[in-house]
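Below is one structure, written out as structure tokens, with a few remarks after it.
Protein chains: 2
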Amino acid sequence: MKRLTIPEVVVARLPLYTQKLNQLLREGRESVSSQEMADHLGITSAQFRKDISFFGGFGKQGTGYNVIKLLESLRSVLNLDRIWEVALVGVGRLGQALMSYHGFSSTGFEIVMAFDNDPEIIGKSIAGIKVLDVKEMQKQICHREIPIAILTVPAASAQEIADQMIACGVKAIMNYTPTTLKVPKGIRLANIDPVLSLQTITFYL
Amino acid sequence: MKRLTIPEVVVARLPLYTQKLNQLLREGRESVSSQEMADHLGITSAQFRKDISFFGGFGKQGTGYNVIKLLESLRSVLNLDRIWEVALVGVGRLGQALMSYHGFSSTGFEIVMAFDNDPEIIGKSIAGIKVLDVKEMQKQICHREIPIAILTVPAASAQEIADQMIACGVKAIMNYTPTTLKVPKGIRLANIDPVLSLQTITFYL
DNA sequence: CTGGAATTGTTAATCTTTTCATAAACTCTT
DNA sequence: AAGAGTTTATGAAAAGATTAACAATTCCAG
Numbered sequence: 000m001k002r003l004t005i006p007e008v009v010v011a012r013l014p015l016y017t018q019k020l021n022q023l024l025r026e027g028r029e030s031v032s033s034q035e036m037a038d039h040l041g042i043t044s045a046q047f048r049k050d051i052s053f054f055g056g057f058g059k060q061g062t063g064y065n066v067i068k069l070l071e072s073l074r075s076v077l078n079l080d081r082i083w084e085v086a087l088v089g090v091g092r093l094g095q096a097l098m099s100y101h102g103f104s105s106t107g108f109e110i111v112m113a114f115d116n117d118p119e120i121i122g123k124s125i126a127g128i129k130v131l132d133v134k135e136m137q138k139q140i141c142h143r144e145i146p147i148a149i150l151t152v153p154a155a156s157a158q159e160i161a162d163q164m165i166a167c168g169v170k171a172i173m174n175y176t177p178t179t180l181k182v183p184k185g186i187r188l189a190n191i192d193p194v195l196s197l198q199t200i201t202f203y204l
Numbered sequence: 000m001k002r003l004t005i006p007e008v009v010v011a012r013l014p015l016y017t018q019k020l021n022q023l024l025r026e027g028r029e030s031v032s033s034q035e036m037a038d039h040l041g042i043t044s045a046q047f048r049k050d051i052s053f054f055g056g057f058g059k060q061g062t063g064y065n066v067i068k069l070l071e072s073l074r075s076v077l078n079l080d081r082i083w084e085v086a087l088v089g090v091g092r093l094g095q096a097l098m099s100y101h102g103f104s105s106t107g108f109e110i111v112m113a114f115d116n117d118p119e120i121i122g123k124s125i126a127g128i129k130v131l132d133v134k135e136m137q138k139q140i141c142h143r144e145i146p147i148a149i150l151t152v153p154a155a156s157a158q159e160i161a162d163q164m165i166a167c168g169v170k171a172i173m174n175y176t177p178t179t180l181k182v183p184k185g186i187r188l189a190n191i192d193p194v195l196s197l198q199t200i201t202f203y204l
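Respectively, the protein sequence lines represent chains A and B. Here the first sequence stands for residues 0 to 204, numbered as in numbering that gives the first Met the number 0. Here the second sequence stands for residues 0 to 204, numbered as in numbering that gives the first Met the number 0.
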């Protein structure tokens, strides 16, 4: 299958493309050129065209790309034309903020379970989801075959919880903790501790 | 100056290195080999050594790297040996969660101002910071010469607020909104909408 | 104090990603 | 319907990043 050979850097740019295309769609635009996309995204038009061409020719010479058509193609490439169930572990302030974040459900992600170990919070409902005891986590995640987990626990327990998740079939972890997690090959790990990106930026200031 | 020629990919990995080194330091480790670092971080040892060597030889043949020495060198390279003042705009749930996040101050970042346009929240104090009217933003940011801003406003006003920030000297924006921002050259922009990384991951699932 | 084991720093080779350049395709005006 | 002006798709060239390989050090055991 062609998909296996697509560079990771390219895949990482696709969500930005869909974001911009959504914006154009809302503005009522019907088509857009690679040049315009590139200008807005701060890349070169050649790069945009090349990236898109990995998945086939969606453009039209002289006109550019049809916004809706390209958007739907990208959504399909990224497997966004379905609903992804997500579990969240660690219902602290950040966890609660993410649970209440409307941006997930509007883009096809749904937090369907949340877990914590604090008796104060277990049993409460946040954004319509009842918080369960983390002791239930493995049973629940296994049972519903949840593929994606958001990890917002304290650093000290991050690795332990991650191991448990992986043991019951989680395939991707969004790691919000300031911890270096070790995961087996085949498990996708995204490190999105807010501090990491700040620390990259200060190099350039 | 040598720094100008260091690849962005390398700089992006350095925070992960400091994260792991901090962990080793807490465990009381004195030295670590490139091989061990690589194993934990899921990279090759050659890559680690090469990355580090951009900044000079901090290791010792036969022994590895002194944890404290390497950590301090990296912190200095990343300009983390000072305090960085940060402004936050948009005190919604995510904004509040970030304001209360302890991970910033413990790593040298301090949210010193917060702004919103909601009369309900203006004047309240969150995590010790009084929320000001966003109308005051430009005056305050200019006056204190804040270099970094966290953008957690609704998508609709993101570009406008970003423009205002840049006009009064902000050099880096952490964009948490699901928006493609256009910023002039020389301004660093980090897109950290939680949805973006989820959308990258689903390609591989 | 010597020899074997461990580990770095760095050069060269390989692999990946970006940019360039241009033919082919389409639109629009007259 | 012809010609001028756009714009894509793509193969080839250039630039950039990663990996491999190994000489040069250092450590440690005996």
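Even for Gly, the Cβ is constructed at its ideal location relative to N, Cα and C. Here the structure is a predicted model, which means the values were calculated and not measured.
Taking just the CA atoms, how far does residue j sit from residue i?
i      : j      : result
B/I147 : B/E84  : 7 Å
B/V182 : B/D162 : 8 Å
B/V194 : A/S72  : 18 Å
A/H142 : A/V111 : 13 Å
B/I42  : A/I186 : 15 Å
A/S44  : A/G63  : 11 Å
A/F103 : B/E144 : 34 Å
B/A155 : B/L23  : 43 Å
B/M36  : B/L20  : 9 Å
B/T199 : A/L79  : 10 Å
A/I128 : A/R81  : 21 Å
B/F47  : B/I121 : 47 Å
B/H101 : A/S196 : 16 Å
B/K59  : B/A11  : 24 Å
B/D38  : A/S105 : 38 Å
B/G61  : B/S124 : 54 Å
A/L70  : A/G55  : 13 Å
B/I51  : B/R25  : 21 Å
B/E159 : B/K138 : 16 Å
Leaving out the 5 sequence neighbours to the left and right, which residues in its chain are closer than 7 Å to residue i when beta-carbon positions are compared?
i      : result
A/F108 : W83 and V85
A/K68  : F57
B/M164 : I140, A148 and I172
B/I5   : F53
A/L40  : L15 and K19
B/G91  : T151
Between residue i and the rest of its own chain, which residues show a CB-CB distance below 6 Å, the 5 nearest in sequence each way excluded?
i      : result
A/S99  : A126
B/G89  : T151 and V152
A/S32  : G63
B/M136 : F114
A/R28  : V66
Compute the distance between the beta-carbons of residue i and residue j, then report whether it is under 8 Å.
i      : j      : result
A/T151 : A/R74  : no
B/F202 : A/L188 : no
B/V133 : B/N116 : yes
B/L93  : A/A166 : no
A/V8   : A/S30  : no
A/T176 : A/D192 : yes
B/L204 : A/K170 : yes
Residue i by DSSP, collapsed to three states: which one?
i      : result
A/I140 : helix
A/V90  : coil
B/D38  : helix
B/Y203 : coil
B/G185 : coil
A/A166 : helix
B/K1   : Interpretation of B/K1 is limited by its pLDDT of 40, a score under 50 that renders its predicted location unreliable; no figure is taken from the coordinates.
A/N223 : Residue numbering for chain A in the displayed model covers 0 to 204; residue 223 of chain A lies beyond these limits and cannot be assessed.
B/A126 : coil
A/I82  : coil
A/V76  : helix
B/L180 : coil
B/E109 : strand
Check whether the Cβ of residue i sits closer than 7 Å to any heavy atom of the ligand COA, and report yes or no.
i     : result
B/R25 : No copy of the ligand COA appears in this structure; indeed no ligand is present at all.
Looking only at its own chain, which residues have a Cβ that is under 8 Å from the Cβ of residue i, when we skip the five neighbours before and after it?
i      : result
A/N174 : L150, A157, A161, L180, L188, A189, N190, I191 and D192
A/E119 : none
B/G168 : I140, C141, E144, I145 and P146
### Message
Short of 8 Å Cβ to Cβ, which residues in the segment 93-106 of chain A face chain B?
### Response
L93, Q95, A96, L97, S99, Y100, G102, F103 and T106
### Query
Relative to chain B, which residues along the segment 184-195 of chain A have a C-beta separation below 9 Å, given in chain order?
K184, R187, L188, A189, N190, I191, D192, P193, V194 and L195
### Query
When you check each C-beta in the segment 44-76 of chain B against every C-beta of chain A, which residues fall closer than 8 Å?
V76
### Message
Using a Cβ-Cβ cutoff of 8 Å, what residues of the segment 10-27 of chain A are near chain B? List them in chain order.
### Response
V10, A11, L13, P14, L15, T17, Q18, K19 and Q22
### Task
Output, in sequence order along the chain, the residues in the segment 146-161 of chain A whose CB is closer than 9 Å to any CB in chain B.
P146, I147, I149 and A154
#### Entry: Against chain A: residues of the segment 159-179 of chain B by CB proximity under 8 Å
K170, A171, M173, P177, T178 and T179
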